[in-house]
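Report on the structure given below.
4 protein chains.
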Amino acid sequence: MAHKVSKLFNETLNEMNISAKQKAVLQASLQLFSEKGFENTSTNEIASLANVAVGTVYQQFKSKDQLLQVVIESLIDEVIPKVANEFVAGVKVTQETEFGEFLQNIIQDRMQFAVDNLPQIRVLVRETMVNKKVQQQLQARIVKLPFDRLKDFFADYQQKGQIVEWDFMRIVRYIVGIVGSYIVPIIFSPGQHEADVGQMSHEATEVLIKELKP
Amino acid sequence: MAHKVSKLFNETLNEMNISAKQKAVLQASLQLFSEKGFENTSTNEIASLANVAVGTVYQQFKSKDQLLQVVIESLIDEVIPKVANEFVAGVKVTQETEFGEFLQNIIQDRMQFAVDNLPQIRVLVRETMVNKKVQQQLQARIVKLPFDRLKDFFADYQQKGQIVEWDFMRIVRYIVGIVGSYIVPIIFSPGQHEADVGQMSHEATEVLIKELKP
Amino acid sequence: MAHKVSKLFNETLNEMNISAKQKAVLQASLQLFSEKGFENTSTNEIASLANVAVGTVYQQFKSKDQLLQVVIESLIDEVIPKVANEFVAGVKVTQETEFGEFLQNIIQDRMQFAVDNLPQIRVLVRETMVNKKVQQQLQARIVKLPFDRLKDFFADYQQKGQIVEWDFMRIVRYIVGIVGSYIVPIIFSPGQHEADVGQMSHEATEVLIKELKP
Amino acid sequence: MAHKVSKLFNETLNEMNISAKQKAVLQASLQLFSEKGFENTSTNEIASLANVAVGTVYQQFKSKDQLLQVVIESLIDEVIPKVANEFVAGVKVTQETEFGEFLQNIIQDRMQFAVDNLPQIRVLVRETMVNKKVQQQLQARIVKLPFDRLKDFFADYQQKGQIVEWDFMRIVRYIVGIVGSYIVPIIFSPGQHEADVGQMSHEATEVLIKELKP
DNA sequence: GATGAATGAGAGTTCATTCAT
DNA sequence: AATGAATGAACTCTCATTCAT
Numbered sequence: 001m002a003h004k005v006s007k008l009f010n011e012t013l014n015e016m017n018i019s020a021k022q023k024a025v026l027q028a029s030l031q032l033f034s035e036k037g038f039e040n041t042s043t044n045e046i047a048s049l050a051n052v053a054v055g056t057v058y059q060q061f062k063s064k065d066q067l068l069q070v071v072i073e074s075l076i077d078e079v080i081p082k083v084a085n086e087f088v089a090g091v092k093v094t095q096e097t098e099f100g101e102f103l104q105n106i107i108q109d110r111m112q113f114a115v116d117n118l119p120q121i122r123v124l125v126r127e128t129m130v131n132k133k134v135q136q137q138l139q140a141r142i143v144k145l146p147f148d149r150l151k152d153f154f155a156d157y158q159q160k161g162q163i164v165e166w167d168f169m170r171i172v173r174y175i176v177g178i179v180g181s182y183i184v185p186i187i188f189s190p191g192q193h194e195a196d197v198g199q200m201s202h203e204a205t206e207v208l209i210k211e212l213k214p
Numbered sequence: 001m002a003h004k005v006s007k008l009f010n011e012t013l014n015e016m017n018i019s020a021k022q023k024a025v026l027q028a029s030l031q032l033f034s035e036k037g038f039e040n041t042s043t044n045e046i047a048s049l050a051n052v053a054v055g056t057v058y059q060q061f062k063s064k065d066q067l068l069q070v071v072i073e074s075l076i077d078e079v080i081p082k083v084a085n086e087f088v089a090g091v092k093v094t095q096e097t098e099f100g101e102f103l104q105n106i107i108q109d110r111m112q113f114a115v116d117n118l119p120q121i122r123v124l125v126r127e128t129m130v131n132k133k134v135q136q137q138l139q140a141r142i143v144k145l146p147f148d149r150l151k152d153f154f155a156d157y158q159q160k161g162q163i164v165e166w167d168f169m170r171i172v173r174y175i176v177g178i179v180g181s182y183i184v185p186i187i188f189s190p191g192q193h194e195a196d197v198g199q200m201s202h203e204a205t206e207v208l209i210k211e212l213k214p
Numbered sequence: 001m002a003h004k005v006s007k008l009f010n011e012t013l014n015e016m017n018i019s020a021k022q023k024a025v026l027q028a029s030l031q032l033f034s035e036k037g038f039e040n041t042s043t044n045e046i047a048s049l050a051n052v053a054v055g056t057v058y059q060q061f062k063s064k065d066q067l068l069q070v071v072i073e074s075l076i077d078e079v080i081p082k083v084a085n086e087f088v089a090g091v092k093v094t095q096e097t098e099f100g101e102f103l104q105n106i107i108q109d110r111m112q113f114a115v116d117n118l119p120q121i122r123v124l125v126r127e128t129m130v131n132k133k134v135q136q137q138l139q140a141r142i143v144k145l146p147f148d149r150l151k152d153f154f155a156d157y158q159q160k161g162q163i164v165e166w167d168f169m170r171i172v173r174y175i176v177g178i179v180g181s182y183i184v185p186i187i188f189s190p191g192q193h194e195a196d197v198g199q200m201s202h203e204a205t206e207v208l209i210k211e212l213k214p
Numbered sequence: 001m002a003h004k005v006s007k008l009f010n011e012t013l014n015e016m017n018i019s020a021k022q023k024a025v026l027q028a029s030l031q032l033f034s035e036k037g038f039e040n041t042s043t044n045e046i047a048s049l050a051n052v053a054v055g056t057v058y059q060q061f062k063s064k065d066q067l068l069q070v071v072i073e074s075l076i077d078e079v080i081p082k083v084a085n086e087f088v089a090g091v092k093v094t095q096e097t098e099f100g101e102f103l104q105n106i107i108q109d110r111m112q113f114a115v116d117n118l119p120q121i122r123v124l125v126r127e128t129m130v131n132k133k134v135q136q137q138l139q140a141r142i143v144k145l146p147f148d149r150l151k152d153f154f155a156d157y158q159q160k161g162q163i164v165e166w167d168f169m170r171i172v173r174y175i176v177g178i179v180g181s182y183i184v185p186i187i188f189s190p191g192q193h194e195a196d197v198g199q200m201s202h203e204a205t206e207v208l209i210k211e212l213k214p
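Listed below in structure tokens is the structure:
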């Protein structure tokens with residue numbers, strides 16, 4: 001179930017009807033913005049990583065800011081919904097699935113996803129901190145994500161009396177909080193952790209099951 | 001128990017044996033780095049906010065990078081330990097204090113602290129994402145923070161059988177995770193939330209008590 | 001007698017044996033050079049006003065400079081001689097025509113011509129100021145203009161004792177000077193004057209008759 | 001009576017309270033704008049002619065456009081009024097002065113002035129053709145020039161019956177027209193004419209006296 | 001002939017840093 | 001110690017020109 005954002009990003013670029021060079025520009029931008037941050041990346045660097053002349057960058061994109069916008073918007077408006085859809089659709093659950101197993105699956109999957117896509121997550125996090133427009137776009141997108149199927153599962157477990165009768169958003173908040181307590185340190189310290197997703201997801205599931213008991 | 005980082009930052013500057021002008025420079029730097037980010041702040045802006053000539057900035061500080069270093073180091077090596085000390089020292093607990101009350105106090109206090117010091121937290125978070133040196137410094141400092149007294153309290157509650165026998169770091173991780181699930185959205189969306197610390201800390205305590213039950 | 005330069009320019013283009021697209025390029029160039037000046041006009045703008053791809057511009061013309069050359073040369077070497085010929089040929093004069101009537105006709109005609117063709121005159125004036133080659137071309141052309149018929153008329157009036165025995169060029173200089181004193185302000189302030197050609201030519205004729213009396 | 005605009009321009013710069021380097025920048029700008037036109041002059045060229053670093057140009061002036069503005073405004077709002085004042089004040093005329101002598105003096109003086117200051121006149125002419133703001137500023141300034149003393153002289157000659165009873169502005173128009181018929185060709189062809197101011201002013205005076213007879 | 005994406009030299013501009021005062 | 005004009009490397013961006021399609 002875990003995806004490579006870079007692959008989905010490339011698919012998005014393919015749908016954008018731009019030339020191979022322009023795609024290379026956007027890929028180089030994503031990579032460099034992720035590695036060094038937007039302000040510390042020069043258009044010259046982007047061009048040379050993309051094997052392209054500086055002017056080519058500006059053929060399609062009006063400014064460096066617009067380049068960021070396009071990269072971020074692709075992530076927010078194209079990649080994130082795809083990721084969310086595939087994630088939600090990929091959740092395997094039957095009438096017999098215990099909540100613990102269900103939760104373990106979700107958590108392991110999302111942790112693996114985070115660990116697999118640290119650079120792209122970092123760009124989004126960083127730009128969200130600096131750029132108001134990005135904040136609003138991301139927020140607007142998150143609100144619209146199709147979590148209905150997931151919501152239904154949780155409602156089912158609530159009806160069966162397996163988990164507490166809290167609001168769906170509150171439950172999500174705590175799952176994200178506990179998962180984040182493992183993932184955020186990794187996001188912030190690149191290359192320092194050997195992330196053991198199995199161990200982390202096991203622990204996180206344990207505590208969350210306890211937390212969400214009726 | 002909650003503190004104003006800016007006040008502690010000023011105290012730190014007073015101890016640094018620098019002139020009033022240089023203090024103003026550091027204060028202006030912290031403010032502007034927090035508002036616009038390091039890269040988007042020019043030395044001219046810093047100088048003019050500090051009511052000082054550009055040259056004066058370079059009298060004391062070798063470079064703009066050093067200026068950031070000094071600001072960040074002051075926060076990490078002076079302010080954070082003070083904050084931690086005062087926090088830990090300020091925790092009121094007796095033999096009769098129930099764990100719930102103890103936890104509620106801690107959480108409310110730290111949430112209030114976070115809400116009161118958003119700009120400074122933002123600088124640290126942002127620079128930690130871009131700047132490897134800052135990452136290492138912050139990490140090295142956190143490890144050395146004097147949490148022994150706190151640790152003892154938790155050990156006590158564990159001995160009394162009031163909380164689960166998890167590792168202290170694991171317990172802290174979950175507390176930070178749950179508290180973070182309320183605070184992080186506020187850090188990322190400046191000016192959008194009316195933070196109701198009372199309500200938030202109440203909810204967070206409720207879930208954490210459940211989570212930490214034996 | 002007054003002509004539209006744009007019409008003559010088009011005729012010139014028709015004689016040039018170039019494609020419709022290339023004609024559109026030259027027309028767009030003339031228009032944009034006149035509106036914004038050569039340096040402030042980009043080849044992209046020319047192409048898009050001409051509804052043509054940039055490459056098409058360079059199919060026919062070696063460089064942007066050559067484009068200017070062609071436009072200017074068409075004006076100087078084709079349009080101006082035509083204008084001059086038609087003007088000179090169109091002067092109606094018989095043995096009975098008084099000098100005043102003759103002069104009034106000439107002046108009114110040329111003033112109307114100037115007012116009708118301000119944009120093209122502006123291009124020529126502007127480029128003449130910046131571009132040495134244009135200066136030389138224009139000068140060389142003016143010297144060769146076929147003013148013989150006009151010269152004869154003036155010689156006739158001189159023989160009849162109706163006008164002063166000045167050199168033809170000196171007479172022309174003063175006519176141009178007086179007419180210019182009305183027209184130049186209009187050239188320099190686009191859109192500010194309601195040019196009353198009747199009134200202006202009347203005044204100019206009055207003073208010139210006086211001036212050219214024997 | 002004839003002045004060097006460059007000297008008056010320098011005086012204006014001295015009154016502007018700017019450093020020697022900044023003065024050099026403005027002088028270099030005037031020179032280059034005059035020689036090659038604004039668009040064909042690069043900030044690098046200005047800096048190197050002024051013996052200054054590129055950055056220095058931008059220390060005082062926000063943009064290349066502002067540099068032009070400052071140069072033009074100095075000419076229009078400082079130099080031109082000074083020139084006009086000195087010219088009008090310098091006109092020597094007594095009750096005995098014949099109109100012809102009076103006119104000859106004026107014309108020779110202004111022709112000499114024009115010939116002596118061709119570069120600066122060229123900048124103004126050229127920018128007036130391209131730049132609407134300059135047009136308005138120049139026009140607004142010309143209207144306010146203090147020609148009262150001159151007007152009185154002409155009124156005197158009119159009362160004495162020595163010249164025709166035309167409106168002052170109409171008389172000025174024709175003087176400018178005739179003088180212009182000698183000067184404009186020189187403005188437009190730099191370095192081609194050996195301007196014989198004596199001969200030119202003599203001819204111009206001759207025709208103007210005739211023209212302005214009652 | 002026509003196209004327009006690609007090119008890269010060079011433009012205007014910024015800004016961390018220096019240094020004479 | 002403080003000043004701020006001066007510096008120039010490096011940035012973003014433009015645009016005349018080319019060339020594979």
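Chains as they are written, first to last, in full-length UniProt numbering: chain A, 1 to 214; chain B, 1 to 214; chain C, 1 to 214; chain D, 1 to 214. Glycine included, C-beta positions come from ideal geometry on N, C-alpha and C. Treat the numbers as computed from the prediction; the structure is a model and nothing was measured.
| Asked | Found |
| --- | --- |
| Could you check whether B/S181 and A/Y174 sit closer than 8 angstroms to each other, using their CB atoms as the reference points? | yes |
| Helix, strand or coil: how does DSSP classify C/A195 here? | coil |
| When you check each C-beta in the region 176–192 of chain C against every C-beta of chain D, which residues fall closer than 7 angstroms? | V176, G177, I178, G180, S181, F188, S189 |
| I need the straight-line Cα distance from C/I171 to C/L150, nearest angstrom please. | 12 angstroms |
| Please identify the residue among D/E211, D/N14, D/V143 whose C-alpha is closest to the C-alpha of D/S74. | D/N14 |
| Taking 8 angstroms as the limit between beta carbons, can you name the residues of its chain near A/Q59, skipping five residues before and five after? | Q22 |
| Taking CB distances under 8 angstroms as the criterion, tell me whether A/E211 reaches chain B. | yes |
| Looking at C-alpha atoms only, which residue of B/S29, B/A50, B/A47 is the closest neighbour of B/H123? | The residue you asked about is not His; residue 123 of chain B is Val in the sequence shown. Of B/S29, B/A50, B/A47, the residue nearest in Cα terms is B/S29. |
| Return the CA-CA distance between B/G198 and B/E86, expressed in angstroms with no decimal places. | 21 angstroms |
| Could you have a look at A/K62 and say whether DSSP puts it in helix, strand or coil? | coil |
| For the alpha helix (DSSP H) holding A/V184, just list the boundary residues, first then last. | 168–188 |
| Leaving out five residues on either side along the sequence, give the residues of the same chain with a beta carbon under 8 angstroms from the beta carbon of C/N17. | none |
| Counting only beta-carbon atoms, is A/T128 nearer than 8 angstroms to chain B? | yes |
| When DSSP labels each residue in this structure, what does C/E203 get in the three-state scheme? | helix |
| Nearest-angstrom Cα distance between B/K213 and A/T205? | 16 angstroms |
| B/V164 by DSSP, collapsed to three states: which one? | coil |
| Compare the C-alpha of B/R126 against each of A/L8, A/A24, A/F38, A/N10 and name the closest. | A/F38 |
| Using the beta-carbon of each residue, which ones in chain C are nearer than 8 angstroms to D/E45? | Within chain C, no residue comes near D/E45; the closest Cβ sits about 15 angstroms away, beyond 8 angstroms. |
| Looking at the secondary structure, which residues open and close the alpha helix (DSSP H) in which A/M129 lies? | 118–130 |
| Can you check which of these residues, D/A140, D/A84, D/V52, D/L68, is closest to D/A24 by C-alpha distance? | D/V52 |
| Please state whether the Cβ-Cβ distance between A/V57 and A/V5 is less than 8 angstroms. | no |
| With a cut-off of 8 angstroms, do at least 3 Cβ pairs link the region 109–117 of chain B to the region 82–99 of chain B? | yes |
| Suppose the cutoff is 6 angstroms on Cβ atoms and the five residues either side in sequence are ignored; what does the same chain contact list for A/L67 look like? | S29, F61 |
| Quick check: C/I178 and C/L145, are their CB atoms within less than 8 angstroms of each other? | no |
| CB A/I76 to CB A/L138, shorter than 8 angstroms? | yes |
| Short check: CB of C/V93 to CB of C/F147, under 8 angstroms? | no |
| What's the C-alpha gap between B/A20 and D/A50? | 40 angstroms |
| Under the three-state reduction of DSSP, which class applies to A/G37: helix, strand or coil? | coil |
| When you check each C-beta in the UniProt domain "HTH tetR-type" (19–79) of chain A against every C-beta of chain B, which residues fall closer than 9 angstroms? | K36, G37, F38, E39, N40 |
| Hey, out of C/M129, C/I46, C/A140, C/V134, whose CA is closest to C/L26's CA? | C/I46 |
| What residues in the region 108–125 of chain C bring their beta carbon closer than 8 angstroms to a beta carbon of chain D? | R122, V125 |
| Using a beta-carbon distance cut-off of less than 7 angstroms, what residues from the region 133–161 of chain B approach chain A? | Q135, Q139 |
| Just the Cα atoms here: how many angstroms apart are C/Q136 and C/E165? | 31 angstroms |
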